[in-house]
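Quick note on numbering: numbering that gives the first Met the number 0 labels position 336 of the first sequence as 335, and the sequence is numbered without any gaps.
Even glycine gets a Cβ: it sits at the ideal position worked out from N, Cα and C.
This report concerns only the one structure given below.
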Amino acid sequence: MNLDLSLRTEIQKALSTLFNQSVEQLQLQPTNDEFEGSHTLVCFPLAKMSKKGPEETGKLIGEYLQANSGLVSKFNVVKGFLNLTISDSVWANVFTAIYTDESFNQLPSNGREMMVEYSSPNTNKPLHLGHLRNNFLGYSVAEIYKALGYTVHKVQIINDRGIHICKSMAAWQLFGNGETPQSTGLKGDKLVGKYYVEFDKYFKVQIAELEAKGLTKEEAEKQAPIMQGAVALLLKWEANDQATVELWKAMNGWVYAGFDATYKRMGVDFEKLYYESNTYLLGKEEVLKGVEGGVFYKKEDGSVWVDLTSDGLDQKVLLRSDGTSVYMTQDIGTAILRFRDFPKIEGQVYTVGNEQEYHFKVLFLILKKLRYAFAEKCYHLSYGMVDLPSGKMKSREGTVVDADDLMEEMVLEAEKQTRELGKIDEMTDADVKSLSEMVGLGALKFFLLKVDPKKRMMFDPNESIQLQGHTGPFIQYTHARIKAILRKASSINVNIDAADLKNISLLEPIEREIIFRINDYHNKLQEAAREYSPAVISNYAYELAKEYNQFYQAIPIFNESDPAKLKFRIAFSKVVADVLKGSMKLLGISVPEKM
RNA sequence: GGUCUCGUAGCUCAGCUGGAUAGAGCAACUGCCUUCUAAGCAGUAGGUCACUGGUUCGAAUCCAGUCGGGAUCACCA
């Protein structure tokens with residue numbers, strides 16, 4: 000049964016009976032802790048209609064509901080707030096329905112499809128803290144939609160083309176001495192990243208030298224030999240020069256292997272990868288078609304532009320005067336290709352930092368101008384930067400927090416604390432390892448996901464590694480605790496029959512609160528999906544775990560002498576564990592049986 | 001400068017489709033392990049919700065302005 004809906008229906012009945020009127024929007028909200036009840040009807044807006052003052056209105060509605068609804072056992076009115084107490088038998092029914100609902104955590108398929116893009120790193124630098132936020136967000140949003148019954152396609156675009164790749168290639172040719180991941184023992188992405196940094200270093204030196212000879216900065220940047228080397232490589236690559244393409248393939252291969260290892264540890268995956276090198280030509284084609292169709296226009300120098308001034312934006316270049324494509328061209332091609340590959344998807348979510356908001360605004364407008372209906376269903380899941388106490392991460396200043404290093408550090412910290420708490424005594428080394436992995440990554444993921452994605456957030460390497468309080472491990476711990484109870488219950492052969500549960504009465508207030516919260520889970524799922532915000536889920540899971548811990552501490556389950564109550568509390572604990580596990584799964588976090 | 005965005009406890013964050021005395025965690029201080037796991041629980045202390053004005057029964061929440069932070073405004077991606 001849907002308690003919320005039933006209650007609203009009953010209130011509407013009350014209004015039509017008492018005042019012969021109906022109201023479109025009822026303000027029903029959770030009751031504040033200091034008052035008795037679980038649901039509160041705000042009566043101020045109803046006063047005009049009832050012509051009776053909020054307090055009197057609340058009282059009349061309360062009396063009606065108590066007498067006629069079968070839901071409300073008690074009520075009180077404070078100022079204009081009608082606080083309703085739902086009767087225990089109703090709670091028992093609500094709980095039993097959830098307990099017996101096998102698709103509570105995973106709703107049945109709704110036949111709808113969507114696509115989520117995330118990660119999409121440059122292939123010349125290793126993944127860092129910002130990518131972690133990106134990946135965890137994108138993965139989680141995909142999981143949230145899946146739980147609602149959607150089929151979700153997780154994809155990423157690989158920017159494997161362009162001058163930036165050629166920079167690493169140029170530097171490797173100059174200084175690499177044939178180094179490979181195998182020969183150095185470095186992860187492939189780290190090795191290529193090293194040469195990208197190397198490039199930058201020599202580039203700067205050469206610019207300085209040329210500037211000292213009297214060249215302007217722009218001239219120096221163009222004429223620096225190492226940059227000319229990179230440009231030469233780009234031209235050769237575009238001309239399909241065999242040796243260049245071989246090197247490009249080899250170095251990209253190293254990077255992908257390195258990224259794969261990182262993704263694996265992060266626990267994220269992709270159904271399909273799109274390569275810029277495969278989509279930019281389609282984009283170009285579309286742009287040229289757009290010129291013919293009059294959507295875009297060509298300047299005298301041959302460059303192609305779109306004029307968005309009538310939409311409040313600027314003009315934007317889509318093809319350079321030499322006919323080569325830009326970032327936007329590639330994204331147009333990719334979007335179209337994806338809808339060709341997956342014609343049933345109704346929308347595409349792009350998980351990309353908020354510094355690209357303008358880009359996506361333009362992209363979606365262009366797609367609309369090209370008359371692609373799916374443009375309406377594209378959404379830029381824009382997230383804020385992760386700042387360090389020293390400010391923004393800057394690769395040039397060496398303040399980048401490397402993703403691999405950070406994950407390793409978190410896992411080591413988890414292991415250290417597990418040891419300090421004396422929990423490893425009866426664990427095998429393999430157990431300790433897998434638990435540390437779970438806890439360390441759980442802490443990291445939760446930390447990055449509990450903040451509203453849109454907001455920029457602070458990461459302090461010295462303080463963020465916390466395993467107590469408002470953290471992932473707190474929830475994991477709560478789950479493990481419940482599992483201990485369930486093990487004990489099964490060891491003493493407590494069998495639960497759903498029919499027993501309906502007859503339970505005299506619930507503790509904390510038990511009602513928790514059922515209320517569990518009952519709210521699907522609302523939160525919807526909200527998280529609507530807002531594209533895993534933070535909604537993480538905060539929900541935290542609140543639920545917190546409430547359960549209160550219950551756990553206050554009520555020793557196995558001291559209960561009434562067998563019906565004992566059964567109820569075990570079933571109740573099981574449901575909490577399942578919902579915790581399910582909601583953590585949406586965040587990409589596993590929960591342990593013991594910790 | 002234009003556009004967008006953020007400003008809540010010492011710190012990190014919730015709350016924002018207007019509702020009751022603004023909530024957590026961390027840090028500080030006090031208690032609680034012979035009972036299901038103390039990575040926990042209970043409590044104390046900590047606030048001019050940046051500022052000013054407006055809208056109304058009611059504003060942290062909506063609107064306008066001011067101040068402060070950030071992003072963006074490339075034939076880079």
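(request) Please list the segments of the alpha helix (DSSP H) lying wholly inside the stretch 128-212, counting only runs of 4 or more residues, in order along the chain. (result) Listed in chain order, they are 128-146, 162-174, 180-183, 187-211.
(message) Tell me which residues share the same chain as Glu35 and place their Cβ nearer than 8 Å to its Cβ, disregarding the 5 neighbours each side in the sequence.
(response) Locating residue 35 in the first sequence gives position 36, counting from the first residue. Lys73, Asn75, Asn82, Thr84, listed in sequence order.
(message) Spatial neighbours of Phe295 within its chain, please: C-beta separation below 7 Å, excluding the five flanking residues on both sides.
(response) Against the first sequence, residue 295 aligns to sequence position 296. These residues qualify, in order along the chain: Val286, Gly289, Val303, Trp304, Val305, Leu317.
(request) Assign Thr39 to one of three DSSP states: helix, strand, or coil. (result) Taking the first residue of the first sequence as 1, we reach residue 39 at position 40. Of the three classes helix, strand and coil, the one that applies to Thr39 here is strand, per DSSP.
(request) Identify every residue that forms a DSSP beta bridge with Phe74. (result) The sequence position of residue 74 within the first sequence is 75, counting from 1. DSSP lists Leu83 as partners of Phe74.
(request) Using the DSSP secondary-structure output, state which residues sit across from Thr95 in a beta bridge. (result) Here the question's residue 95 lines up with position 96 in the first sequence. Thr95 is not bridged to any residue.
(request) Could you round the C-beta distance between Val590 and Ile517 to whole angstroms and report it? I think they count as a contact, below 8 Å. (result) Against the first sequence, residue 590 aligns to sequence position 591. Against the first sequence, residue 517 aligns to sequence position 518. Between Ile517 and Val590 the Cβ distance is about 16 Å, and since that is not below 8 Å, they are no contact.
(message) Counting C-beta neighbours from all protein chains within 10 Å, is the total for Leu505 16 or more, i.e. buried, or is it exposed?
(response) Sequence index remark: in the first sequence, residue 505 carries index 506 (1-based). The residue in question, Leu505, is exposed, as its Cβ has fewer than 16 Cβ neighbours within 10 Å.
(message) I'd like the span of the alpha helix (DSSP H) that includes Met113, first residue to last.
(response) Working through the first sequence from its first residue, we reach residue 113 at position 114. Not the alpha helix (DSSP H): Met113 falls in the beta strand (DSSP E), residues 112-116.
(request) Check whether the Cβ atoms of Lys360 and Leu312 lie closer than 9 Å to each other. (result) By 1-based counting over the first sequence, the position of residue 360 is 361. By 1-based counting over the first sequence, the position of residue 312 is 313. Yes; because the gap between Cβ atoms is below 9 Å, this pair is in contact.
(request) Starting from Glu592, trace the beta strand (DSSP E) both ways and give me its first and last residue. (result) Translated into the one-based positions of the first sequence, residue 592 becomes position 593. Looking at the DSSP string, Glu592 is not in any beta strand (DSSP E), and its letter there is neither H nor E.
(message) Can you look up Tyr371 in the DSSP assignment and give me helix, strand or coil?
(response) Residue numbering aside, residue 371 sits at position 372 when the first sequence is read from its first letter. Of the three classes helix, strand and coil, the one that applies to Tyr371 here is coil, per DSSP.
(request) Go through the stretch 393-466 residue by residue and report every complete run of the alpha helix (DSSP H) that reaches 4 residues or more, in order. (result) 402-419, 428-448
(message) For Gly322, tell me which candidate among Thr333, Glu284, Val348 has the shortest Cα-Cα distance.
(response) The residue you call residue 322 lines up with position 323 of the first sequence. Minimum Cα distance to Gly322 is reached at Glu284.
(request) Under the assumption that Cys42 contacts Pro29 (Cβ atoms under 8 Å), give the Cβ distance between them as a whole number of angstroms. (result) Taking the first sequence and counting its residues from 1, the one referred to as residue 42 is at position 43. Taking the first sequence and counting its residues from 1, the one referred to as residue 29 is at position 30. Contact flag wrong, Cβ pair sits at about 16 Å.
(request) Please report the residue range of the beta strand (DSSP E) in which Thr350 lies. (result) In the first sequence, residue 350 corresponds to position 351, counting from 1. Taken as a continuous stretch (DSSP letters only), the beta strand (DSSP E) holding Thr350 covers 344-352.
(request) Confirm, please, whether the CB-CB distance from Leu232 to Tyr222 is below 9 Å. (result) For this step, residue 222 is matched to residue 223 along the first sequence. For this step, residue 232 is matched to residue 233 along the first sequence. As written in the sequence, residue 222 is Gln, which differs from the Tyr given in the question. Not a contact, by the Cβ cut-off of 9 Å.
(message) Please report the distance separating the alpha-carbon of Gln467 from that of Asp159.
(response) Along the first sequence, one-based indexing puts residue 467 at 468. Along the first sequence, one-based indexing puts residue 159 at 160. Whole-angstrom Cα-Cα distance: 41 Å.
(request) Look at the alpha carbon of Gln172 and the alpha carbon of Asp199, and state the distance between them as a whole number of angstroms. (result) Here residue 172 is taken as the residue at index 173 of the first sequence, counted from 1. Here residue 199 is taken as the residue at index 200 of the first sequence, counted from 1. Whole-angstrom Cα-Cα distance: 14 Å.
(message) Can you tell me whether Gln314 is helix, strand or coil according to DSSP?
(response) Sequence index remark: in the first sequence, residue 314 carries index 315 (1-based). In the structure shown, Gln314 adopts extended strand secondary structure according to DSSP, grouped into three states.
(request) Report the residue from Asp87, Val535, Val493 whose alpha carbon sits nearest the alpha carbon of Leu565. (result) Locating residue 565 in the first sequence gives position 566, counting from the first residue. Measuring from the Cα of Leu565, the nearest candidate turns out to be Val493.
(request) With a floor of 4 residues, list each alpha helix (DSSP H) that falls wholly inside the stretch 267-301, ordered by position along the chain. (result) 275-291
(request) Report the rounded CA-to-CA distance for Asn461 versus Glu412, giving the unit in angstroms. (result) Taking the first residue of the first sequence as position 1, residue 461 is located at position 462. Taking the first residue of the first sequence as position 1, residue 412 is located at position 413. So the two alpha carbons sit approximately 11 Å from each other.
(request) Report, in whole angstroms, the separation of the C-beta atoms of Asn123 and Lys166, which I expect to be a contact under 8 Å. (result) Position 124 of the first sequence, counting from 1, holds the residue named residue 123. Position 167 of the first sequence, counting from 1, holds the residue named residue 166. That belief holds up - the Cβ atoms of Asn123 and Lys166 are roughly 7 Å apart, short of 8 Å.
(message) Rounded to whole angstroms, what is the Cα-Cα separation between Ala146 and Lys580?
(response) Along the first sequence, read from residue 1 onward, the residue named residue 146 stands at position 147. Along the first sequence, read from residue 1 onward, the residue named residue 580 stands at position 581. Approximately 13 Å, taken between the alpha carbons.
(request) Return helix, strand or coil for Asp330, following the three-state DSSP convention. (result) Position 331 of the first sequence, counted from the first residue, corresponds to residue 330. Secondary structure of Asp330 (DSSP, three-state): helix.
(message) Which of the three DSSP states is assigned to Asn538 in this structure?
(response) As a first step, residue 538 is located in the first sequence; it is residue number 539 there, counting from the start. Reduced to three states, the DSSP call for Asn538 is helix.
(message) Going by DSSP, what residue range makes up the alpha helix (DSSP H) through Pro562?
(response) Position 563 of the first sequence, counted from the start, is the residue given in the question as residue 562. Residues 562-585.
(request) List the DSSP bridge partners of Pro29. (result) Your numbering for residue 29 matches position 30 in the first sequence. Answer is His38, bridged to Pro29.
(request) Out of Glu425, Ala429, Ala527, Val575, point me to the one whose CA is closest to Ala479's CA. (result) In the first sequence, residue 479 corresponds to position 480, counting from 1. Selected option, being the one with the closest Cα: Val575.
(request) Below 6 Å CB to CB, which residues in the same chain sit around Gly257 once its five sequence neighbours on both sides are set aside? (result) As a first step, residue 257 must be located in the first sequence, where it is residue number 258. Lys186, Gly187, Asp188.
(request) Answer yes or no: do Ile344 and His152 have a C-beta to C-beta separation smaller than 9 Å? (result) Stepping through the first sequence from its first residue, residue 344 is reached at position 345. Stepping through the first sequence from its first residue, residue 152 is reached at position 153. The answer is yes: Cβ separation under 9 Å.
(request) Could you tell me whether the Cβ atoms of Leu64 and Thr56 are closer together than 9 Å? (result) Here residue 64 corresponds to residue number 65 of the first sequence, with the count starting at 1. Here residue 56 corresponds to residue number 57 of the first sequence, with the count starting at 1. Result no, Cβ atoms of Leu64 and Thr56 do not sit closer than 9 Å.
(message) As a quick exercise: from Pro224, Ala229, Leu14, pick the residue whose alpha carbon is nearest that of Ser49.
(response) To locate residue 49, count along the first sequence from 1; it is residue 50. Per the Cα distances, Leu14.
(request) Spell out a yes or no on whether the stretch 434-452 and the stretch 410-425 are touching, meaning 3 or more CB-CB pairs, one atom from each, closer than 8 Å. (result) In short, these stretches touch, since the Cβ pair count reaches three.
(request) Tell me, to the nearest whole angstrom, how far the beta carbon of Ile474 is from that of Met406; I am working on the premise that it is less than 8 Å. (result) By 1-based counting over the first sequence, the position of residue 474 is 475. By 1-based counting over the first sequence, the position of residue 406 is 407. About 19 Å separates the two Cβ atoms, so there is no contact after all.
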